[in-house]
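Quick notes on the structure that follows.
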C-alpha cells in the first residue's frame, strides 16, 4: 500500500488518475500535517499498512518562501524530516520530491545526482537541506528531483500563458533560463515505479524530467502555437524580469541514473507537450 501526501496538489492528482484508487491512499494536510511531528508519529502508529510514502506536500512556491523562510523551513525541512524519522520507525520507503533549484546553474552540461548543490534562492537552499535530512534520518528513501512541471490541470506555466493571452497581445518571457520541462503524468508514473521497486535499505537521489532542452521563451512560443493563442512572445533576459527568488540559468537534469535503475523510458518533452496541449484543446 502506498500513501501520497499533499492530496490536492498537481502531482498527487496525476498519481490519483493513474492509480484509480488501487493500493494508493491520499491524505490532505487536515488529515496529516507533516510539519507536526506528533501528528506524523500518531498517524503512522494508527496506519501501519503502508510500504511506501510519496511526499507531494512540497510547498513549491519559491517567491513566497523567499519572503517567508520560516514557513518554507517547516514544509521543506521539518516536514520531510518528520516523515524520514517515521519511515525508519515504521519501516516504509520514503519517496520525496525535490527540485532543480538546488543547483546554481553554473554548469553547461546536465546536472547529475552527484553534483554539489548550491541553491540561489531560499527555496533551493531549504530543499537541499531537506534532502540531506532525509538521507540522514531514513533507512529506505529516494529523493526525486524534477523541474518545470506542466499538465492539463494548467496549474503551471501553461495556465499562466493562457491567462496572459486572454488579456494581452504580447508577453515578455526570459530566454536565458534553460531547462527540461516535465509532464506531470510522466513523473507520476515514474514515482509509482520507484515507490514499488525501490529496495528496502536503498537510499538514493534520482533526477526525472522529460528529455530535451529549452528556454522558458521556447516553451512559451510552443504553448501559444499549440493552443492557437493570439499573443506574441517577446524574448527578454532574466535581469529584465527581476524576481524575489533567483533562478538558475541552466538546470537541465541528467536522467541516466533513473533510466538505468528502473528501466524507465523517458520521452521528449515536445511529444509530451503536444499530447498535453491536444488534450486541453479537446476539452474546450
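In the working numbering, the protein residues as written are 1 to 284.
Using N, Cα and C, we set each Cβ at its ideal position, and we do this for glycine too.
Given the structure is predicted, the values throughout are model-derived calculations rather than measurements.
Coil, strand or helix - residue 142 by DSSP: Strand.
Alpha carbons only, please: which of 36, 31 and 56 is nearest the one belonging to residue 47? Restricting attention to 36, 31 and 56, the CA atom closest to the CA of residue 47 is found in 31.
Short of 7 Å in beta carbon distance, which residues of its chain neighbour residue 83, apart from the five on each side in sequence? Order them along the chain. These residues qualify, in order along the chain: 34, 40, 53, 55 and 94.
Quick one: what's residue 96 bridged to in DSSP? According to DSSP, which records beta bridges pairwise, residue 96 is partnered with 55 and 143.
So, under 8 Å CB-CB, residue 217 and residue 272 are touching, yes? Tell me the CB distance rounded to an integer number of Å. The beta carbons of residue 217 and residue 272 sit about 19 Å from each other, so the pair does not count as a contact at 8 Å.
Just list the residues that DSSP pairs residue 214 with in beta bridges. Beta-bridge pairing links residue 214 to 179.
In three-state terms, what does DSSP make of residue 237? DSSP, reduced to helix, strand and coil, places residue 237 outside both helices and strands of the structure shown, so it counts as coil.
Check whether residue 105 and residue 249 have beta carbons under 7 Å apart: It is a contact, given that the beta carbons lie within the stated cut-off.
With DSSP run on the structure shown, which of helix, strand or coil describes residue 37? Reduced to three states, the DSSP call for residue 37 is helix.
Output needed for residue 214: all residues of its chain with C-beta closer than 6 Å, excluding positions within five of it in sequence on either side, in chain order. So the list is empty, once near-sequence residues are dropped.
Mind checking whether residue 167 and residue 234 have CB atoms under 7 Å apart? Not a contact, by the Cβ cut-off of 7 Å.
Ends of the beta strand (DSSP E) at residue 204? 203-207 is the span of the beta strand (DSSP E), which, as asked, contains residue 204.
Looking at the secondary structure, which residues open and close the alpha helix (DSSP H) in which residue 2 lies? Under the DSSP assignment, residue 2 falls outside any alpha helix (DSSP H), being part of the beta strand (DSSP E) whose first and last residues are 2-5.
In or out: residue 145 buried (at least 16 other Cβ within 10 Å) or exposed? With a threshold of 16 other beta carbon atoms within 10 Å, residue 145 meets it and is buried.
Using the Cα positions of residue 285 and residue 232, report the straight-line distance between them to the nearest angstrom. What is shown of the chain runs 1 to 284, which leaves residue 285 out entirely.
Cβ separation of residue 50 and residue 2, assumed to be a contact under 8 Å, to the nearest whole Å: Indeed, because the Cβ distance is near 7 Å, the residues count as touching under 8 Å.
Is it buried or exposed for residue 13, if we count other Cβ within 10 angstroms and need 16 for buried? With 16 or more other Cβ atoms within 10 Å, it is buried.
Please confirm if the segment 150-164 is in contact with the segment 112-130, defined as three or more CB-CB distances below 8 Å between the two stretches. Taking 8 Å as the limit for Cβ pairs, the verdict is that the segment 112-130 does not touch the segment 150-164.
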